[in-house]
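Just so we're aligned: the sequence shown equals residues 426 to 676 in this note's numbering. Even for Gly, the Cβ is constructed at its ideal location relative to N, Cα and C. Quantities reported herein were computed from a predicted structural model and do not represent experimental measurements. Worksheet: the structure to be examined is printed underneath.
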Amino acid sequence: MNGARRRLHRRISEAILSEWTKFRSVRSTWWTLAVMACLPAAIGVLVAATGSLQPDDTVLVGAIGNAVVGLAPAGYLGVLVAAGEHGTGTIRPTIAASPTRWPVLLAKAALLGAIAFVVALAANAVGLALSAAILDDRRPGTVWPALLGLASIYAAVAVLGVALGLALRSTAGAVTAVTGLLFLPMLLGPFLGQAQWLAGLAPFTAAQKVLQPPGVALDNGPGAWATVAIVYAYCLATIAPSSWLLLRRDI
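Shown next, in the form of structure tokens:
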């Protein structure tokens, strides 16, 4: 049992190292990561410098709350890492090196989730610091729980992008799917009537919720951390059908 466990750990570690090598050798992933990192700081500073906050907004809600658009490039980053291999044909040697296939998906998801979490945490912390320096008369808000929750949502969306990229095998199709899943709930929310709270389960709304001061709710749906848990659940759940398709289909 211990020998099998060690072999499994070694196999996954090797797969993650392989994915990291591929990640850092592709220029498009670095550009997308740079966009994801720059958006929170740039938008936060823009909102702070233009005085676009409401009178009772904290820096977190007013400045960083508008920077959650960085979730989109987090999803696209996952798509590029997953679907990009189908476009270039490098998925074949990847699968040949890992015939059981599922470690490939887990390695991609783990790597992209970790990268998205770390970069989002640092980027939003920098954006908050810059915004707070401009808005020195405003309360910053409950900083670290909110930033950690926000970074975790970035990680979940990156994993979602990986799952959709491998499932659809098309960069354009997976980017469209990620965009729809992120933006459509906000657009369709006003038309849902009594079920409008369902739009509150989208990643964008979850990110907005964790930035709110304790006790403040955006809608009648679940609370901030319950919404984050739901977002995590359905983003991680996409790994199962993606893994099944990866095992069943010819590459």
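R431 and T483 do not touch by the CB rule: their CB atoms are close to 49 Å apart, not below 8 Å. Unbroken alpha helix (DSSP H) stretches of 4 residues or longer found wholly inside the segment 443 to 516: 452 to 474, 484 to 487 and 496 to 513, given in chain order. In this structure, the alpha-carbon of A624 lies about 20 Å from that of A576. The segment 535 to 546 makes no contact with the segment 597 to 616, as fewer than three CB pairs between them are under 8 Å. P610 sits buried, since 16 or more C-beta atoms from the chains shown fall within 10 Å of its C-beta. For A649, same chain residues with a beta-carbon under 6 Å away, outside a window of 5 residues either side, are K634 and V635 in chain order. Pairing A467 with S450, the inter-Cα distance amounts to about 27 Å.
Boundaries of the alpha helix (DSSP H) harbouring L607: T596 to L613, taken from the DSSP string. In the structure shown, A539 falls within a helical segment according to DSSP collapsed to helix, strand and coil. For Q621, the secondary structure class from DSSP, reduced to helix, strand or coil, is helix. Here DSSP, grouped into helix, strand and coil, assigns T519 to helix. Between I655 and A588 a beta carbon distance of about 17 Å is seen, past the 8 Å cut, so the two are scored as non-contacting.
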